[in-house]
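Enquirer: Chains as they are written, first to last, in this note's numbering: chain A, 1 to 281; chain B, 1001 to 1281; chain C, 2001 to 2307; chain D, 3001 to 3307. Just passing along the structure, written as structure tokens.
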Ligand SMILES: Cc1cc2nc3c(=O)[nH]c(=O)nc-3n(C[C@H](O)[C@H](O)[C@H](O)COP(=O)(O)OP(=O)(O)OC[C@H]3O[C@@H](n4cnc5c(N)ncnc54)[C@H](O)[C@@H]3O)c2cc1C
Ligand SMILES: Cc1cc2nc3c(=O)[nH]c(=O)nc-3n(C[C@H](O)[C@H](O)[C@H](O)COP(=O)(O)OP(=O)(O)OC[C@H]3O[C@@H](n4cnc5c(N)ncnc54)[C@H](O)[C@@H]3O)c2cc1C
Ligand SMILES: Cc1cc2nc3c(=O)[nH]c(=O)nc-3n(C[C@H](O)[C@H](O)[C@H](O)COP(=O)(O)O)c2cc1C
Ligand SMILES: Cc1cc2nc3c(=O)[nH]c(=O)nc-3n(C[C@H](O)[C@H](O)[C@H](O)COP(=O)(O)O)c2cc1C
Ligand code: FES
Ligand code: FES
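Here it is in structure tokens:
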């Protein structure tokens, strides 16, 4: 992990909903691996605003000193609104690359990438790296509606086979990725699944994978206070190796990539203390 | 007083130290009188920053819908830094015109305007209005050094006679305005004095005026929480009419122009409670 | 379908839950140049004392991150001036008037209350007990349940209108103080007053406030206000609360209502935006309408803890 | 002429007054990728308990104006893990280590202290008494002078290194708690811990924290921290204080030193800027140098109240 003030090379819209920021950050681009993220400081607001984590969409290592990382995001609140206002040559404070990347398959040859909504972002980088080591890559992309699919033009070309599902049927099959997942697995002879998207989707994909005895690597999101492993805000409920106990594991530096089978998905049912007592930090 | 979101017409440097913002605000320009000020919101920062008060430097009523007010300032901290970053067509939230203006002389013909540093600002507007009613206007400008004088070129032309003092002698007479004030009073046959600048200067000018039996109107500064008379942060220690008691009078709406003889100047010796007790607001 | 913004505050019918915070609205005359006073729920005026108070020396204010410190020292012209000048003007504005009262002894509180009892048109009294108690080593009344009870009890016996106790957040257990106030006869509670704080100008090594200590207000303290309203409402669900502390937007006001406030007072926001009260009222109504909610009172205390 | 940044903290020689705030620096390993640990005064590690604690469910964090709320629930791997893994690593870094300890009973505090006594290389112990006391209806130890005294007394008797009591600002009279801690044998005081607060997501009507209540930190609370350090130092001028609360810049740190802090801990600032501690140390040294001051200790308690 390094921290640096970096220059915005370019900022363009990706479809109607997403922004693509290209940031000049040679060392980070050099070190970055698929599944890792960067933590951006939206503005050097003296009244302070926490950093915002974003998956690395692509790295461009051509021309070392000018090597860039790319992030893709949609405007949700104050932080992403500030990022959406950045112009070329503006400076931004970046920490990265952060986290455990996707594990590259050794024996397995056939990889299926499943992305939900903006969760598709880290899979573009992953697909390139998998093909670079001659793996078969198939992709399955889901979203609420067509405009929520990230760069579907490129998405089609990323792998051998590409399928889309939207909840409103505006593109591809109407429904959820899990409706077509089993069919794809058998068609593509999938041996390993990489998934990123909402927790509900990741849980469902993991379930399907487990049924087919296929390992599923999931990229998790969490609220992050620091993004560098020092605050403990970002934990996921993860079964220990023995499967005897659920541990709280940091998403930022111990994740964001986890073995789907190890996540205690049912722990996500909202839990709130009935009798709140002043919190020990 | 009105509040409006106004457009920046122009922003230029005035000498090395000062910024001049021209703001399109027809109603405020229409109503403004010399000595009044506007309260500007430096940025619609959601983390909030209080408004900043600025004297009205000039109004430009030509072309009603496009009538502008002008403010002149130097960068001191966060608020003025934000204002210094404004560009033409940017929008700014303005409240104004605020406060009791200078009182125009009725009998008296000969007016002396004394400005210290950035305190010179409201005297430009005043000079124009006094000459519009055929008063004799003389001006005396003081500052630490030449670059701290506001627009000395125009300043020279504002009245019949213009004198300058700087503490380092870099322009005009070396010293303080009060060193040349008595001489000017006799030369110009001054009947009324208008002064704006640091408290120490206003106190000294008031003393000279009183000795010569000349009324002195002073424009006071104060920290302002609201600028519209509702918070009581901006009070000055002012003698009541009978001279029996010092009252705390709001600078923003009861001032900023006061009769110098009524200000309890010695009340400014820093007073701090020896045994602090939690403050009732 | 118009949204019903009216609320019943301890028997007082308010057009809107949005009211003003004492000391942040003077008596309404200045702000009436910017807004329609009858677009808001009530005007809570600056705390008044028996005699005029000169307040503290300057500087009285310092800006802090997302907040401000003030040490005004309750400068006010006294209850007689309120009755002679401010109240008559307010009564022409068709908006309920809540009189905030302060003092340094129980006796002083009683004297102000007595004068107000004989006046027409005061809808309620808010008792600002965040005042040093001269009879108890300058401890704040609001910091001690017994002192709180004695002031509230005395005021409540002297007047016939609802009495609100204005609580301080600078205590270990605000619920204990709230209970003492209610047992002593308070009909409602106003919370929170400012959080005691301090700031230094490091170049001069002097406190930024002549009063050294000051009261922190503004968005910085909103989480403290939400917690206070939440805990007091849980302990005393029947007691009407005027919630306040750092409310800048309608979302902030809704947050306080969801944890139990019946009305929400706007303080520091008026300094930055003189139209804050009116705009927050309009935007809250729009927010409710957009969600098909027909009355603001439906939101009260609706925070979901379980499941 | 180099500025002398070293300070003596309860007999511990620190290279710099800038230390880390417990729970905002883990045990230093992560941040050592960004800064030189021996450029700062000391590492105060995350509070540790006898057994590992799982902490609270998520969400554990919410951003607020100029601050953040957290409800981590003191998740930590326990004292044995600290002794086996973190301490040995830290001892290679040539920076004093201050161990923060926590518990829900006096007994738990004693057990952690006992284990640490037998370890080499812990320079001091910070006792985090902002913990619910299971033996007293979950009241925070730090909210009661007697509970504070019993914990501090017990810990102080079990160890041979200086003991710092970490105080909570959520009390009516922090000086009373400070005095109780010092009488019970605390060699120094750390203040302030977070301010209890709460935030609601109005669209879901749910608390933003699974723990419902959380601790407010960051610039929003700095005026509260300055006031706390100021009052405690006035009452106990001889007692060394580690001041903290919303320090983002060297100016903020100097403010706390001027009101009486010997050292200044950096917490939330590390989350935004991993280099915060090192940069604040460098900028403070430059600030002193630019003013011809030769040592940081000359600033301590220099705030001018009179004239
Ligand atoms: C590892 C990781 C990778 C991510 N990658 C991407 C990406 O490639 N593209 C993208 O658009 N978004 C991504 N997100 C989500 C992104 O961080 C949030 O959308 C963003 O922080 C929202 O900030 P805001 O100020 O606009 O929203 P606000 O609602 O104002 O944020 C308020 C708070 O909530 C936090 N927050 C809000 N939504 C999320 C979320 N979904 N996950 C984590 N924190 C959140 C913010 O950090 C902030 O602390 C990622 C999140 C994580 C943890
Ligand atoms: C009636 C009036 C008229 C003024 N006219 C002018 C003018 O024409 N040109 C000009 O350059 N300045 C003028 N000032 C001073 C100007 O308001 C301050 O310089 C400005 O507020 C500084 O803000 P800042 O954020 O840059 O400084 P900061 O130091 O960051 O301000 C911090 C706080 O101090 C307050 N403050 C700082 N200095 C002053 C001051 N001298 N007077 C009042 N408040 C202050 C700010 O409002 C803010 O609350 C005037 C002040 C008043 C009261
Ligand atoms: C300048 C100022 C003056 C105040 N004066 C009073 C007062 O006279 N009586 C009172 O009960 N509260 C007073 N308060 C406290 C406010 O009524 C309110 O409780 C507090 O400011 C929190 O709300 P806010 O964050 O919206 O300002 C004052 C606050 C400020 C900022
Ligand atoms: C995420 C987080 C975790 C914390 N954990 C602890 C802790 O374990 N023990 C402790 O004594 N204080 C803990 N604190 C409090 C800090 O040490 C510090 O007292 C407080 O945050 C104020 O300082 P700051 O504003 O610089 O963060 C924690 C604070 C935060 C924000
Ligand atoms: S975000 Fe701080 S530990 Fe992961
Ligand atoms: S600044 Fe608020 S009353 Fe003058």
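For each residue, glycine too, the CB sits at the ideal point set by N, CA and C. Just so you know, these numbers come straight off a predicted model, no measurement behind them.
1. Just checking my contact of residue 3263 of chain D with residue 3242 of chain D at CB under 8 Å: how many whole Å lie between their CB atoms?
2. Where residue 167 of chain A and residue 1025 of chain B are concerned, what is the direct C-alpha to C-alpha distance, given to the nearest angstrom?
3. Expressed to the nearest angstrom, what Euclidean distance is found between the alpha-carbon atoms of residue 2276 of chain C and residue 116 of chain A?
4. With a threshold of 8 Å between beta carbons, is residue 3288 of chain D in contact with chain C?
5. Which bits of chain D does residue 111 of chain A rub up against, with CB to CB less than 7 Å?
6. When you measure from the CB of residue 1240 of chain B to every non-hydrogen atom of ligand 4, does any distance come out below 7 Å?
7. For ligand 1, is there a heavy atom less than 7 Å away from the beta-carbon of residue 2311 of chain C?
8. For ligand 3, any of its heavy atoms closer than 7 Å to the Cβ of residue 2208 of chain C?
9. Could you name the residues of the same chain whose beta carbon sits closer than 6 Å to that of residue 3201 of chain D, not counting the 5 residues immediately before and after it, in chain order?
10. Alpha carbon to alpha carbon, what distance is there between residue 172 of chain A and residue 183 of chain A?
11. If distances are taken between C-alpha atoms only, which option among D/3196, D/3260, D/3117, D/3028 comes closest to residue 3132 of chain D?
12. With H, G and I counted as helix, E and B as strand and the rest as coil, what does DSSP make of residue 1043 of chain B?
13. Since residue 3047 of chain D and residue 3101 of chain D are thought to touch, with beta carbons under 8 Å apart, how far apart are those beta carbons, to the nearest angstrom?
14. Taking a cut of 9 Å between CB atoms, which residues from the region 3059–3072 of chain D lie near chain C?
15. Exposed or buried, residue 3013 of chain D, counting other C-beta atoms within 10 Å across all chains shown (16 or more means buried)?
16. Less than 7 Å between the CB of residue 104 of chain A and some heavy atom of ligand 5, yes or no?
17. With a threshold of 16 other CB atoms inside 10 Å of the CB of residue 1276 of chain B, please say whether the residue is buried or exposed.
18. Tell me the rounded alpha-carbon separation between residue 3064 of chain D and residue 1096 of chain B.
19. At what residues does the alpha helix (DSSP H) containing residue 3281 of chain D begin and finish?
20. Count the other CB atoms within 10 Å of the CB of residue 2085 of chain C; is the residue buried (16 or more) or exposed (fewer)?
21. Which of the three DSSP states is assigned to residue 2004 of chain C in this structure?
22. Please report the residue range of the beta strand (DSSP E) in which residue 1259 of chain B lies.
23. Would you call the CB atoms of residue 1281 of chain B and residue 1217 of chain B closer than 8 Å?
24. Determine, using beta carbons only, whether residue 3275 of chain D comes closer than 8 Å to chain A.
25. Less than 8 Å between the beta carbons of residue 2094 of chain C and residue 2278 of chain C, yes or no?
26. For residue 2187 of chain C, which residues in chain D fall below 7 Å Cβ to Cβ?
27. Mapping DSSP to helix, strand and coil, what is residue 57 of chain A?
28. Using a Cβ cut-off of 7 Å, pull out every chain C residue sitting near residue 3230 of chain D, in sequence order please.
29. For residue 3143 of chain D, which residues in chain C fall below 7 Å Cβ to Cβ?
30. Identify the continuous alpha helix (DSSP H) that holds residue 1112 of chain B and give its terminal residues.
31. Does DSSP put residue 1005 of chain B in a helix, a strand or coil?
32. Between residue 3074 of chain D and ligand 4, is there a pair consisting of the residue's CB and a ligand heavy atom that are separated by less than 7 Å?
33. Closer than 7 Å by C-beta to residue 1203 of chain B: which residues in its own chain qualify, once you throw out the five before and the five after it? Chain order, please.
34. Does the Cβ of residue 13 of chain A have 16 or more other Cβ atoms within 10 Å, making it buried, or fewer, making it exposed?
35. Which residues bound the alpha helix (DSSP H) around residue 3091 of chain D?
36. Is it a yes or a no for the region 3208–3225 of chain D touching the region 3137–3154 of chain D, going by three-plus beta-carbon pairs under 8 Å?
Expert: Let me spell this out:
1. 5 Å
2. Distance between the alpha carbons of residue 167 of chain A and residue 1025 of chain B is about 51 Å.
3. 41 Å
4. no
5. Simply none; closest approach about 30 Å.
6. no
7. Any property of residue 2311 of chain C remains undetermined from this structure, which presents chain C solely from 2001 to 2307.
8. no
9. 3208
10. 15 Å
11. D/3196
12. coil
13. 6 Å
14. 3062, 3064, 3065, 3066, 3067, 3069
15. exposed
16. no
17. Bear in mind that the predicted position of residue 1276 of chain B carries a pLDDT of just 49, short of 50, making it too unreliable to give a figure here.
18. 32 Å
19. 3276–3290
20. exposed
21. Residue state, collapsed to three classes: strand.
22. 1257–1259
23. no
24. yes
25. no
26. Near residue 2187 of chain C there are no residues of chain D at all, since even the closest Cβ is about 25 Å away, more than 7 Å.
27. coil
28. The answer, in chain order, is 2198.
29. 2172
30. Element bounds for residue 1112 of chain B: not the alpha helix (DSSP H) but the beta strand (DSSP E), 1110–1116.
31. strand
32. yes
33. Only 1265 meet the Cβ criterion.
34. exposed
35. 3087–3091
36. no
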